[in-house]
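What follows is a set of notes on a single structure, which appears directly below.
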Amino acid sequence: MRRLAVYLFFASIALDAKPLIFYRGVFNSASFAPAGVANGAIARGSIFSIFGRDLGPEKSPPLSFPLPSSLAGVEVDVCRAGTCLAAIPLFVSAAQVNAIMPSNAPLGAVSVRVRFNGEDGNFIPVTVTDASVGIFTVNSRGFGPAILQNFVAQGNTPLNSNVAAAQPGQVAILWATGLGAAPEADNLPPQGGTLPTQVEVWVGVEPVTNILYAGRAPGIAGLDQINFIVPANAPHGCFVPIHVRTNGRTVSNGVTMAIGDATACKDAHNPLQAPLTMGGRVGALFAQKVTFEADVDPVAATTDRPTGRASRCVRKRRIPTRSTR
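In our numbering, the protein residues as written are 154 to 478.
So, in structure tokens, the structure goes:
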């Protein structure tokens with residue numbers, strides 16, 4: 154009987170579980186820059202990700218326009234001073250929710266909350282900004298090769314890679330989010346058009362002098378594309394850095410692209426270029442030294458170091474003397 158009571162107790166806790174957003178669990182969906190860093194704020198109209206527990210169902214349903222403010226029972230509130238706006242959920246699951254930050258969200262500090270099937274979750278502080286670009290990457294983790302296409306011809310835009318490198322003077326299509334508020338409602342398919350945000354792009358250390366387009370991807374809510382011509386003097390290589398800066402102050406996550414004379418790139422000083430480009434086995438050894446302190450009790454933290462000398466601790470005790478008569 155006691156076991157049954159314990160089981161029912163924990164079962165009731167599971168049934169009453171409320172959505173929980175993890176501490177600092179809100180990120181730009183492309184860069185995953187953490188809160189507190191210069192590019193860690195969430196831009197108006199951008200796609201952002203929320204990580205936590207019991208946030209939604211096991212499977213996310215398909216989307217259709219106009220996008221609803223509630224998806225499979227999941228709602229996302231963006232609040233300040235008692236006034237809340239509804240973000241547009243794009244993907245929902247128990248551990249992650251992706252949504253569009255409202256284009257009319259107040260700038261600065263706000264609170265974000267997830268509601269699932271009528272259960273209100275915790276609030277988490279988030280900073281909203283006018284523009285902060287995150288570039289999508291192949292590994293979906295915010296670093297490494299960018300999701301970038303080489304424009305060859307209409308209908309022929311292969312994904313930039315080590316075996317499909319861009320050439321200087323060629324048009325490149327960079328996929329991102331965070332260029333700023335949309336001119337139309339966030340739940341409608343965007344019509345396209347360059348946004349008023351000031352955009353700068355660097356390939357290696359070379360500034361891009363010809364940006365052809367910087368705005369919403371037509372028909373895809375929250376997604377931005379930046380079309381530019383690869384500088385004629387851009388460095389060649391399989392992992393050439395790319396950065397985007399908005400409004401002269403906020404720099405994106407650092408990603409890479411492949412640039413070469415022909416279809417493949419070359420890294421003359423990289424001994425691993427062949428297996429990285431054509432495939433094969435690569436071995437790597439990583440060494441790491443970690444120093445940390447943990448507060449385990451109120452006693453002040455101390456650092457112990459070996460002295461190089463062995464010592465023995467002897468416990469002393471008092472031996473009573475025998476009296477003589």
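Quick reminder that beta carbons are idealized off the backbone N, C-alpha and C, glycines included.
Remember, it's a predicted structure, so these values are computed and weren't measured experimentally.
For residue 389, there is no enclosing beta strand (DSSP E), as DSSP marks it with neither H nor E. If you compare the alpha carbons of 278, 274, 329, 322 with that of residue 299, the shortest gap goes to 329. Taking every protein chain shown into account, the CB of residue 294 has fewer than 16 other CB atoms within 10 angstroms, so this residue is exposed.
In the assembly as shown, residue 362 is an exposed residue. Its beta-carbon has fewer than 16 other beta-carbons within 10 Å. Taking 8 Å as the upper bound for CB-CB distance, residue 231 and residue 265 are in contact here, some 6 Å apart. Note on residue 343: 16 or more other CB atoms within 10 angstroms of its CB, so buried under the neighbour-count rule.
Excluding five sequence positions before and after residue 220, the CB atoms of its chain that fall closer than 7 Å to its own CB belong to 241, 340, 374, given in chain order. Of all alpha-carbon atoms in 334, 351, 354, the one lying nearest the alpha-carbon of residue 345 is that of 334. By alpha-carbon distance to residue 278, the top candidate from 286, 211, 290, 263 is 263. Classified as exposed, residue 270 has fewer than 16 neighbouring CB atoms from the shown chains inside 10 Å of its CB.
Collapsing the DSSP output to three states places residue 205 in a strand.
The beta strand (DSSP E) runs lying completely inside the segment 301-350 and spanning 3 residues or more are 301-304, 324-330, given in chain order. Here residue 402 is exposed: its Cβ has fewer than 16 other Cβ atoms, across all protein chains shown, within 10 Å. For residue 249, the uninterrupted beta strand (DSSP E) run begins and ends at 249-253, by DSSP. In its chain, beyond the 5 residues on either side, 412, 418, 420 have a beta carbon closer than 7 Å to the beta carbon of residue 390. An exposed status is given to residue 235, since fewer than 16 other beta-carbon atoms sit within 10 Å of its beta-carbon. In the structure shown, the three-state DSSP call for residue 365 is strand. Residue 283 holds the alpha-carbon nearest to the alpha-carbon of residue 256 among 249, 360, 283.
Across the structure, residue 286 and residue 370 are spaced so that their CA atoms are roughly 14 Å apart. Residue 202 sits away from residue 222, with the two beta carbons spaced by 8 Å or more. Looking from the CA of residue 208, the closest CA among 348, 249, 260, 318 belongs to 249.
Within the DSSP bridge table, the entry for residue 228 names 268 as partners. Here residue 376 is buried, its C-beta having at least 16 other C-beta atoms within 10 Å. For a cut-off of 8 Å, the C-beta gap from residue 408 to residue 290 is around 6 Å, short enough to register as a contact. The alpha-carbon of residue 246 is positioned some 35 Å away from that of residue 351. Here residue 373 carries a coil assignment [DSSP, helix/strand/coil].
In the three-state reduction of the DSSP assignment, residue 441 falls in the coil class.
DSSP places residue 353 inside the beta strand (DSSP E), whose first and last residues are 352-356. The alpha carbon of residue 323 has as its nearest neighbour, out of 358, 405, 414, the alpha carbon of 414. DSSP, reduced to helix, strand and coil, places residue 275 outside both helices and strands of the structure shown, so it counts as coil. The shortest C-alpha to C-alpha distance from residue 305 to any of 318, 297, 296 is the one to 318. Under DSSP, residue 297 shares a beta bridge with no residue.
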